[in-house]
Structure formats: structure tokens, C-alpha cells
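Novice: Count the sequence shown with our numbering and you get residues 207 to 963, in order.
Built from N, CA and C at the ideal position, the CB exists for glycine as well.
The structure displayed is predicted, hence computed values, not measured ones.
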Amino acid sequence: MDSAFGELLRRHRLRLGITQQALSEKARISEQAVGALERGDRRYPQAATLERLAGALELTGREREAFVRAASRKGRPRRQRAGAPRQLPAGITHFTGRVEHVELVAGVLRDSSAAAVVAVTGMGGVGKTALAVQVGHVLAADFPDGQLYLDLQGHGARAAVAPLEALGVFLRALGLAGQAVPGTVDEAAARFRTELAGRRMLLVLDNAASSDQVTPLLPGTAGCAAIITSRRALLAVRQARQVHLDVLAERDAVELLAVTAGVARVEGEPEAAADVVRRCGRLPLAVRLAGARLAARPGWPVSWLAERLVELGRRLRELDQDETGVQACFALSIDALAGSRDPVDRAAAAAYPLLAWPDLPDLSVTVAARVLGRGEDDTERLLERLTGACLLEAPSPGRYRLHDLLRAYGAGLARSPARAEAMTRLLELYGAAAWRGLALASPASPRLAQMPRTGAAPEFADAGGAFGWLERERAHVVAAVVQAAADPEVDRALIAGLALGMFEFYRTRGLWRDLREVCQAVLHEQADGLVHACLLIDLAVAEAELAQRGDGDFRAAQQHARASVARFEEHGDDGFTARALNNACYVFRVCGAVEDAIAFGERGLVLHLAAGGRSQAHGLTLVNLAELYGQAGDRDTQHRYLAEAIAVLEPLDDAHGLGYALVVLGMAHLANGCFPEAIACLRRSVEQWRRIADAPSEANTLVELGEACLAAGHTDEAAQALTRARTLMRGYGDPVRENRIAELLRRTGRTNRVGEM
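1) In terms of alpha-carbon separation, which member of Arg378, Gly241, Glu634, His450 lies closest to Val311?
2) What's the gap between the Cα of Ile701 and the Cα of Val573?
3) Counting along the chain, where does the beta strand (DSSP E) carrying Pro601 start and finish?
4) Within 10 angstroms of its Cβ, does Leu408 collect 16 or more other Cβ (buried), or is it exposed?
5) Specify, as a first and last residue, the run of the beta strand (DSSP E) that Ala432 falls within.
6) Any idea which residues DSSP pairs Tyr355 with across the strands?
7) Determine the closest residue to Leu560 out of Leu608, Glu461, Val339, Glu599, with distance taken between C-alpha atoms.
8) DSSP three-state label for His920, please.
9) Would you report the Cα separation of Glu213 and Arg245, rounded to the nearest angstrom?
10) Tell me which same chain residues have a C-beta within less than 6 angstroms of the C-beta of Val367, skipping the five on either side of it?
11) Mapping DSSP to helix, strand and coil, what is Ala569?
12) Return yes when the Cβ of Phe273 is within less than 9 angstroms of the Cβ of Leu243, no when it is not.
13) Within the chosen definition, does the stretch 866-878 reach the stretch 891-908 through at least 3 CB pairs nearer than 8 angstroms?
14) With distance defined between alpha-carbon atoms, name the residue in Glu723, Val240, Glu627 nearest to Leu259.
15) If you measure between the beta carbons of Leu916 and Arg930, is that distance less than 9 angstroms?
16) Rounded to whole angstroms, what is the Cα-Cα separation between Thr530 and Ala867?
17) Excluding sequence positions up to five away, which residues of its chain have a Cβ less than 7 angstroms from the Cβ of Gly581?
18) Give me the Cα-Cα distance between Ser570 and Ala901, rounded to the nearest whole angstrom.
19) Beta-carbon within less than 8 angstroms of His920's beta-carbon, same chain only, minus the 5 sequence neighbours each way: which residues are those?
20) How many Å lie between Leu354 and Ala365 at the Cα?
21) Identify, in the order they occur along the chain, each residue of the same chain with its Cβ nearer than 6 angstroms to the Cβ of Ala554, setting aside the five sequence neighbours on each side.
22) Contact defined as beta carbons within less than 8 angstroms: I believe Glu309 pairs with Thr255. What is the distance between those atoms, to the nearest angstrom?
23) Going straight from the alpha carbon of Arg629 to that of Val577, what length do you get?
24) With DSSP collapsed to three states, give me the class of His682.
25) For Ala750, which residues of its own chain have a beta-carbon under 6 angstroms away from its beta-carbon, when the five flanking residues on both sides are left out?
26) Would you check if the distance between the CB atom of Trp675 and the CB atom of Gly616 is smaller than 9 angstroms?
27) Do Ala640 and Ala685 come within 9 angstroms of each other at the CB atom, strictly closer than that value?
28) Using 8 angstroms for Cβ pairs, my map puts Leu463 next to Val453. What's the rounded Cβ distance?
29) Closest by CA to Ala263, which one among His307, Ala403, Leu215, Val305?
30) Entirely within the stretch 816-903 and at least 4 residues each: give me those alpha helix (DSSP H) ranges in chain order.
31) Taking buried to mean at least 16 other C-beta atoms within 10 Å of its own C-beta, is Val771 buried or exposed?
32) I'd like the list of long-range same chain contacts for Gly912, defined as Cβ closer than 7 angstroms, with 5 residues on each side in sequence excluded.
33) Please state whether DSSP places Thr585 in a helix, a strand or coil.
34) Check Val326 in the structure and name its three-state DSSP category.
35) Could you pull the start and end residues of the beta strand (DSSP E) that Arg607 belongs to?
36) Measuring straight from C-alpha to C-alpha, what distance separates Tyr712 and Cys791?
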């Protein structure tokens with residue numbers, strides 16, 4: 207924008223014959239702001255300011271369009287990059303007040319000379335998130351590489367999101383696979399800063415708990431920016447501009463009431479409207495709820511609602527002192543629905559406590575329907591009705607969220623046994639999806655013998671569909687298990703069945719922290735010996751995998767594995783014991799205890815053979831042992847076990863087991879200099895991984911295939927395999943393997959792009 211806008215603004219003002227002061231009062235912005243805009247001292251007014259000025263100047267049609275266009279920044283807006291993440295929740299349709307705050311925050315974040323950071327603080331319900339999201343949408347064109355958003359859960363019933371978990375979410379959003387996310391905060395933060403370098407991206411870090419939580423999540427180079435919201439002052443965040451939000455000014459609170467309840471009604475009773483917003487403490491959440499109450503009853507005078515609020519004086523006094531007192535306003539909204547003549551309103555009011563009971567980040571229509579025990583169409587109507595009454599938010603299409611205070615209020619209305627029944631239906635849904643995914647991914651898995659009776663799962667065409675659905679519900683599953691495990695009214699066996707069924711999903715995604723948390727929650731309450739033993743060995747695997755990444759305890763993993771085997775042996779079921787011994791073999795191999803691992807594996811192998819063998823568990827035990835014997839230098843035993851494993855797994859058509867066996871066999875042939883045999887095995891392994899869309903395993907096998915082809919002089923095939931591996935590996939953030947691929951490609955002499963396999 208140049209001085210032309212200031213001249214245009216002055217010309218329109220003089221045409222009306224009003225002063226700068228009169229225009230400021232009419233547009234409800236400061237007189238100083240009007241003067242600065244006319245002089246050209248102030249640039250890039252926020253969209254809300256432009257709208258207010260255009261309205262005050264009585265501009266319409268082409269005049270209004272020209273006025274807004276004159277205020278645009280010089281040059282064309284940056285084009286939004288295709289495929290860039292756009293994670294911001296939907297903005298509020300009628301964003302009211304906070305004009306100065308929006309312009310202040312936007313001005314700070316537009317500064318491209320450094321990584322700009324703004325920390326927005328204030329009490330719960332004051333509108334911190336709304337402000338941050340509004341600014342994010344205003345600045346969307348300034349950050350064409352995308353916007354990342356994450357609720358850090360710093361203030362709520364659930365534990366705050368750990369920095370490493372938050373970094374994992376962001377890195378996956380930027381294209382890295384879960385298993386490729388570095389295992390320590392420092393490494394993940396460095397990788398995140400590297401991914402952001404050279405981009406213009408905006409981060410919205412919502413509901414932060416502390417400076418320590420958000421510091422690793424901040425960009426390190428100019429061009430990117432971050433908005434943090436928190437109920438606490440984050441003074442330790444480097445270079446952060448601190449912006450504190452108080453309750454709305456009375457004028458803005460009345461306007462918020464007007465856009466929610468109806469402008470004509472509020473303007474017709476200005477004194478009563480002022481009473482309403484004062485008795486709501488001018489807290490935006492409470493004012494919006496009061497407006498929804500009026501909107502739901504067009505026949506009610508505003509003064510009638512003001513009188514209702516007086517009758518709730520005790521609660522309102524609590525509201526003045528403690529934000530949890532907004533339950534007075536929540537009660538008004540629920541009462542409005544419950545007392546309605548509309549059966550949908552009444553059904554929505556009755557459903558609300560059950561929707562609030564599960565302590566989930568948000569609700570999809572499918573999940574909400576299962577919680578309520580209703581059909582999805584019916585449930586969506588109730589969700590939309592509750593959203594219209596401001597008892598739910600809709601952060602994205604098809605998902606609904608409760609404010610933390612609304613959740614606490616609604617959950618307090620839930621009664622037994624209905625709440626336990628709702629949680630049961632929720633766990634059955636997640637369990638059905640988990641077990642269905644396992645059955646599709648590995649139909650020969652011995653774990654399927656433990657599958658409990660579950661409710662109907664959503665329709666999934668393949669394992670990718672089931673696991674993709676669980677990926678979207680990932681945080682919800684953990685939260686549901688943790689909550690249910692602490693609730694004595696929920697069936698213990700149901701909770702344990704879900705935990706057991708989730709193993710394959712967590713394994714294929716590398717979500718070992720989730721698996722550990724779920725197992726620990728259930729084990730704390732689980733008394734059944736067999737189930738306890740099953741969860742112990744799952745916990746051992748998770749702990750060992752995490753220990754490799756610096757986030758676990760090798761000793762604890764080994765202790766869990768030994769305890770699990772002992773419990774299975776006490777139980778007396780050789781089949782379970784054999785599988786536990788195989789898993790213990792794997793755990794001890796990961797921990798680097800090769801001799802102990804071989805001992806566990808051989809004990810398991812004896813039991814498999816005694817039972818007749820020929821199972822997936824038998825085959826995997828052989829592969830585990832073969833890899834161990836290879837590490838120990840016993841090539842003869844390694845080859846013998848691999849041949850036996852393939853003979854067991856091929857008739858089962860088990861892609862995972864065959865892929866694993868073939869890659870180990872191929873690497874063994876390569877070590878022995880048998881290049882044709884190595885290449886043949888590795889090609890077959892790649893085919894197996896592609897059958898089940900296991901991209902990480904395919905990439906790793908292609909690297910081995912590329913090296914084998916190079917050794918055999920098959921340069922073209924080596925280049926194709928390595929190029930494909932490089933493409934797959936880019937999403938996993940493994941610099942060691944990426945460097946190996948680059949070195950092997952240099953050896954092919956084909957560093958330019960070539961066709962992939």
C-alpha cells in the first residue's frame with residue numbers, strides 16, 4: 207500500500223463532511239489510527255479494520271472494492287504452494303473485537319528479518335486460540351509454504367504433549383515417516399529446523415504448558431514465524447513478543463452478543479444487553495453462549511435473559527473469581543435445548559453428557575455415533591445442533607471438539623451406568639478396527655487367536671485403510687485406554703483386548719511410545735495372568751525399540767521379557783510360551799545380548815517343533831535365529847534356518863515373514879559373494895513388501911539390492927533400485943542411510959535422475 211490509500215481514505219471522509227474523530231467513533235477504531243492511515247504512516251490495515259472503515263464511509267459496490275484494493279500490499283499475493291500443509295482450524299465467522307491485537311500480532315509475524323515469535327497469554331475462554339487462528343488466516347498468503355497447527359494440551363485432564371511427540375507430528379506433516387523421526391528431542395528439533403529452513407511457514411502452537419514445551423518447536427531461521435497460546439506467561443521463550451489478552455471491552459462484548467443473538471434485538475435493548483455481558487464477566491466464551499441462548503429463543507427479550515443471570519448470582523460470582531464458573535452459562539445452553547419443543551434439541555441436550563465423558567481431543571461423527579449408540583446421520587444432526595448452540599466446536603469438516611471447561615461441565619452430568627456403556631461402545635469400535643487391520647495385514651498371525659468378540663468396524667478394503675483410520679484416531683485410542691483403565695466400571699478384558707489388538711498398528715508405524723503408554727495403563731490394573739503376560743511381552747518390545755532411540759531402558763525391556771516368559775510357563779500353554787520366547791529372542795537381540803537371544807529363540811524353536819511347527823510364529827523364530835547366527839559368524843546354521851523358515855512361510859503366503867526371511871537370506875548370500883543368489887532373494891523380498899505396502903522395509907531392501915547389483919556389475923538395475931530407495935527414504939529422515947544411497951549412486955555413475963524399478 208502507498209499514500210494513494212491514505213488520500214482515498216481522506217477523500218471519502220471529507221465527502222461525508224466528518225472529522226477524523228467522528229470517523230474513528232463511527233468505525234470504532236482509534237483516532238490515531240485514522241490519522242496514521244491518512245498520512246501513510248501506518249501500512250497494511252487488518253481486514254476487519256478495512257471492513258469497518260468501508261462501512262463507516264458508506265461505501266458500496268465498485269467504490270468499496272476499489273477502497274479495499276487500494277489497501278492491498280504492493281505486488282501480487284504469494285501463491286499458495288500446492289500440497290503444503292494447511293492445518294489451521296476454521297476461523298470464526300464473525301470475529302469480533304481484538305482489532306488492535308490482530309494488527310499487532312500480524313505486524314510482528316510479517317517481519318521476515320528473523321524467526322518471529324508471538325506468545326499470546328490469558329485466562330481460559332478468553333479467546334487466545336480464536337485470535338491465533340484469525341491471525342493465521344489473515345497471514346495465509348504471507349506464508350505460502352503452509353501453516354502447522356497443534357494443540358499442545360498444556361491445560362487439561364490429559365498430560366501435555368511432550369516436545370518429542372509434537373516434533374514427530376510436525377515432521378510427519380512435512381513428509382517424514384513415523385519410523386524416520388529422530389528419537390531424541392535435540393535431534394528431532396534440529397531436523398525440524400532443517401526442514402523449515404528456506405520455507406515460509408507459520409506455526410500455531412496452541413495451549414502450551416510451559417516455555418520448555420515450546421522452545422524445541424520454534425523455527426530457527428528467518429521467513430518462518432510462530433504464534434504460541436498459553437494460560438501462563440512464557441517469559442523464557444526467546445525473542446517472543448508477549449501479548450496478553452484480557453476479557454473483551456464492554457463495547458466489543460455487546461457486539462459479540464449482537465452477532466450471535468441478532469443485531470436488531472441487542473440494539474433494541476442496549477441496557478439489558480450491557481447487563482448480560484457484564485454478568486458474563488465479558489468472557490468471550492460466556493458471552494457467545496448467552497447469545498446462543500437468545501438465538502435459540504427468538505421470542506425471549508434480552509432483559510429476560512439478564513434477569514435469568516441475576517438469579518444465578520452465586521454461580522456468576524464464581525465466574526468472576528474462577529473460570530470454571532462459566533458452568534452457569536453452560537447450564538443455560540443445555541436448559542435451552544432440553545426445554546425446546548424441537549425433539550432434535552432435546553436429544554442433543556440428552557446426548558451432551560455422554561459426548562463429554564470420553565476424554566478425547568475431538569470426536570469424529572463415527573466415534574460420536576458409537577459413543578451414543580446411534581446411527582451416524584442421526585448423530586451428525588445432534589452434533590450440528592450442539593455446535594449451533596456453541597456447546598461444540600467444529601475445527602475441521604466432520605470433527606467436533608469440546609472446550610476443556612465445557613467438557614468438564616458435560617462430563618459432570620454423565621451418570622452411571624450410561625457413561626460406562628458409552629465407553630464400552632467406544633473401546634469396541636477401536637478394538638474392531640485394530641483387530642480387522644491385523645487380520646488384513648497378517649492373516650496367519652498367531653495373535654488372531656486372542657481376538658475378542660468386537661462390535662462392527664468401519665468398512666476397510668485393506669490393512670492400509672484400517673491402519674489409516676487408526677492413524678487419525680491415534681491420540682484418541684491412547685486417551686480412551688488410559689481413561690478406561692482408571693475406571694472400575696469398564697470391563698477389564700475389553701480394555702486389554704484393545705491393547706493387544708493395537709500391537710500390529712503400532713509396530714508398522716513405529717509408534718512405540720504409544721504402545722508403551724497403552725500397555726503400562728492396562729498392566730497397572732490387569733490381574734489376569736495370561737493377558738498380563740501378553741501385554742508384558744508387548745511392553746518389552748516397545749521398551750527395547752525405544753531404548754535403541756535413547757528413549758527407553760534396555761534393562762527394563764529384558765526384565766519385562768523374562769517376566770512374560772515366566773508367566774507363560776506358569777500358565778502351561780506351550781503355544782503362548784513359544785511365541786513369548788520368540789519375542790524375547792527379538793528383544794534381547796535388539797538389546798545386543800546375542801547369546802541370551804539365541805538361547806530364548808532355541809527354547810521357542812523346540813516348543814514349535816514339538817507342536818508340529820509350520821506356523822507363522824515358527825517361521826519368524828527361525829528367521830530371528832538365522833539373523834543371530836549370522837551375527838555370531840555361524841553361516842551354515844544361518845542358511846539352514848533360513849531355508850527352513852522359507853519352507854514354513856511360503857505355504858502360509860505370509861508377506862511380512864517372507865519379506866523378512868528373503869532379505870536376511872539375500873544379505874547372507876551377498877556376504878558370501880554369491881551375487882546372483884543374493885539378487886534373486888532381494889528381488890523377491892521387494893515384491894513381498896510391495897504386496898503389503900511396507901515402504902520402509904521396501905526401501906531398506908532396495909538399498910541391499912542396489913549394493914548386490916553393483917557388486918555383480920549390473921549397474922543399470924543398481925541405479926534403478928537405489929533411485930527408488932532414495933525416493934522412498936526421503937520421507938523417513940535417515941541421514942545415515944541417505945548418505946549410503948548417495949555413495950552407492952555415485953558408484954553407479956548415475957547420480958542424475960534415472961527410471962525407478
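Specialist: Let me spell this out:
1) His450
2) Within the model, the alpha-carbon separation for Ile701 versus Val573 is close to 17 angstroms.
3) 599-602
4) buried
5) 431-436 is the span of the beta strand (DSSP E), which, as asked, contains Ala432.
6) Val410
7) Leu608
8) coil
9) 8 angstroms
10) Leu358, Gln359
11) A small correction: the amino acid at residue 569 is Leu; Ala does not occupy that position in the sequence shown. Leu569: strand per DSSP, three-state reduction.
12) no
13) yes
14) Val240
15) no
16) Its pLDDT being 44, under 50, Thr530 is placed unreliably by the model, and nothing is read from it.
17) Excluding positions up to five away in sequence, the list reads Ala575.
18) 28 angstroms
19) Only Ile885 meet the Cβ criterion.
20) The alpha-carbon atoms of Leu354 and Ala365 are separated by roughly 21 angstroms.
21) Leu543, Leu588, Arg591, Leu592
22) 7 angstroms
23) The question names Arg, yet the displayed sequence has Met at residue 629. Between Met629 and Val577, the C-alpha separation is close to 7 angstroms.
24) helix
25) Ala763, Val793, Val796, Cys797
26) no
27) One thing to note: Ala685 has its Cβ no nearer than 9 angstroms to the Cβ of Ala640.
28) 13 angstroms between Cβ atoms; not a contact.
29) Looking at the sequence shown, residue 263 is not Ala but Leu. Minimum Cα distance to Leu263 is reached at Leu215.
30) If you keep only unbroken alpha helix (DSSP H) runs of at least 4 residues inside the stretch 816-903, you get 822-837, 841-858, 861-877, 881-897.
31) buried
32) Ala924, Ala927, Leu928, Ala931, Leu950
33) helix
34) strand
35) First-last of the beta strand (DSSP E) with Arg607: 605-607.
36) 20 angstroms
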